[in-house]
Amino acid sequence: MALAPGLVLVTGANGSGKTNLLESLHVGTQGFSPRTRSDTQLIRQGSTAARIELSGTRGPTPVSVAVGLSADEPRRARLDGAALRSAEQLRSELVTLVFTPDRLAIVKGGPAARRAYIDRTLARLYPARAHIPIDYATAVGQRNAALRRVSLGLSHRDVLAPWTAQVADLGAMLTASRRDVIELLQPGFGERADELGLEDALLGYAAEPPTIAALEKRLDRDIERGITGIGPHLDEIAVRSSERDLRTFGSQGEQRLAVLSLLLAEAELIALRRRVPPLLLLDDAFSELDENRRRILSERIGAVGQTIVTATGTEALPLAPAQLLRVTPGRVEIS
Ligand SMILES: Nc1ncnc2c1ncn2[C@@H]1O[C@H](COP(=O)(O)OP(=O)(O)OP(=O)(O)O)[C@@H](O)[C@H]1O
Ligand SMILES: [Mg+2]
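Quick note: to get the working numbering, add 58 to the position in the sequence shown (first position is 1).
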């Protein structure tokens, strides 16, 4: 089946398989599901394997991908016929951005959801820095283990110094990288949000990196509790509009608009930096939005590149899509 470039609308009744279709496009282009880490959930119940094959273009160049899932083997992926070391390697080759209602957690969830979002965006915008959040988390984990050994009297506190230095070093890199990501995202985020009626939308990040001196100053407390009590693993990133924190004071629709504005800002940055727009997958993005906002949003997403949007009916989209797909259980048809 050939999907049109531009805006593709996928309609179907509840439970017909729209989300399944989007999820398969995500697994097929990124090597993982935005919903689950378990392959058995992705394979049809009663089967032991599944396969996704896609072909398309990356900018002007044709590209083909095949991802194989099996109940008892690791995922396998091929890009243009060549086997990849791991399916997740697809992430560094192709970019797909997804909105699902779960992603509202970026605005309404706790600070960890926003940190994770900014760190994943860091990996997409600066692939060479993708290792920083992972290395920092490892350093904090190792320092915490060392703190607990000291508190149990199994090690001398001198052993902590190298871990403290690493946490300070990687913490400074992570804080600076998050600042860079936020600085890059902010202008587009503010513009897209403004278009959608969220005034003066701002990403607030005021964190200071953990210095060795600051970490040592609180060493007694950290040893007592067995955890590193300062650093970017505890940072808060605020999403505000007209000085209101949208986590607490945003309406459902405003929280959704903020997440979609972030996604659009990132899509535009990726298109600019990689010279290829990402594939956008928007599951149930339009519910809770008034007609005016649905119209502005559909015009904007239609301009980014290829976007696949789901809704239960065609009335969700106030303009004609480039292509309309109808999903019934087990079938997708071009309408
Ligand atoms: N691994 C699986 N094997 C078989 N069926 C599954 C599997 N995973 C999900 N399903 C079923 O597929 C059906 C379609 O689900 P899907 O979430 O894609 O529907 P949808 O069209 O997005 O519905 P809605 O409009 O409610 O969001 C559901 O009934 C679900 O239980
Ligand atoms: Mg669905």
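All residues carry an ideal CB built from backbone N, CA and C; glycine is no exception.
On the premise that residue j lies in contact with residue i, defined as a C-beta separation below 8 Å, what is that separation, rounded to the nearest angstrom?
{"i": "I295", "j": "I176", "result": "6 Å"}
{"i": "V239", "j": "L148", "result": "Wrong, their Cβ atoms sit about 22 Å apart, outside the cutoff."}
{"i": "R102", "j": "A108", "result": "7 Å"}
{"i": "T368", "j": "D341", "result": "5 Å"}
{"i": "P63", "j": "A380", "result": "7 Å"}
{"i": "A323", "j": "L338", "result": "Not quite, the Cβ-Cβ distance comes to about 12 Å (not below 8 Å), so this is no contact."}
{"i": "R351", "j": "A374", "result": "That pair is no contact at about 12 Å."}
{"i": "L318", "j": "L260", "result": "In fact, because the Cβ distance is near 16 Å, the residues do not count as touching under 8 Å."}
{"i": "A234", "j": "V217", "result": "28 Å between Cβ atoms; not a contact."}
{"i": "V123", "j": "L137", "result": "6 Å"}
{"i": "S394", "j": "E249", "result": "Outside the displayed range of the chain (59 to 393) lies residue 394, so it cannot be described from this structure."}
{"i": "A401", "j": "T94", "result": "One cannot answer for residue 401 here, as it falls past the ends of the chain, which runs 59 to 393."}
{"i": "L327", "j": "G246", "result": "6 Å"}
{"i": "T365", "j": "V66", "result": "7 Å"}
{"i": "T222", "j": "R206", "result": "15 Å between Cβ atoms; not a contact."}
{"i": "S393", "j": "L382", "result": "4 Å"}
{"i": "P118", "j": "S150", "result": "Going by Cβ atoms, the distance from P118 to S150 rounds to 20 Å, so no, they are not a contact pair."}
Can you tell me which of the three DSSP states residue i falls into?
{"i": "V367", "result": "strand"}
{"i": "P120", "result": "strand"}
{"i": "G328", "result": "What sits at residue 328 in the sequence shown is Ile, not Gly. Helix, per DSSP."}
{"i": "G114", "result": "strand"}
{"i": "T94", "result": "coil"}
{"i": "A251", "result": "helix"}
{"i": "Q224", "result": "helix"}
{"i": "I354", "result": "helix"}
{"i": "G75", "result": "coil"}
{"i": "E131", "result": "coil"}
{"i": "R109", "result": "strand"}
{"i": "A399", "result": "Since the first and last residues shown for the chain are 59 and 393, residue 399 lies out of range."}
{"i": "A296", "result": "strand"}
{"i": "Q381", "result": "strand"}
{"i": "I288", "result": "coil"}
{"i": "E391", "result": "strand"}
{"i": "T87", "result": "helix"}
{"i": "R136", "result": "strand"}
{"i": "T386", "result": "strand"}
Beta carbon of residue i, beta carbon of residue j: below 8 Å?
{"i": "V165", "j": "G262", "result": "no"}
{"i": "V68", "j": "L83", "result": "no"}
{"i": "L273", "j": "V225", "result": "yes"}
{"i": "S209", "j": "E146", "result": "no"}
{"i": "R358", "j": "E253", "result": "yes"}
{"i": "P92", "j": "V156", "result": "yes"}
{"i": "Q313", "j": "L320", "result": "no"}
{"i": "R316", "j": "V362", "result": "Here the sequence assigns Ala to residue 316, which means Arg is not the residue at that position. No, the Cβ-Cβ distance between A316 and V362 is not below 8 Å."}
{"i": "L228", "j": "I190", "result": "yes"}
{"i": "G75", "j": "R384", "result": "no"}
{"i": "L152", "j": "Q88", "result": "yes"}
{"i": "P290", "j": "A265", "result": "yes"}
Contained beta strand (DSSP E) runs [length at least 3] in the stretch 140-203, N- to C-terminal order:
154-157
Considering only residues of the stretch 298-349, which uninterrupted alpha helix (DSSP H) runs meet the minimum length of 4 residues and lie entirely inside it, listed in chain order?
304-307, 310-332
Pocket of ligand 2 (residues with CB nearer than 7 Å to any heavy atom), chain order:
K76, T77, D341, D342, T368
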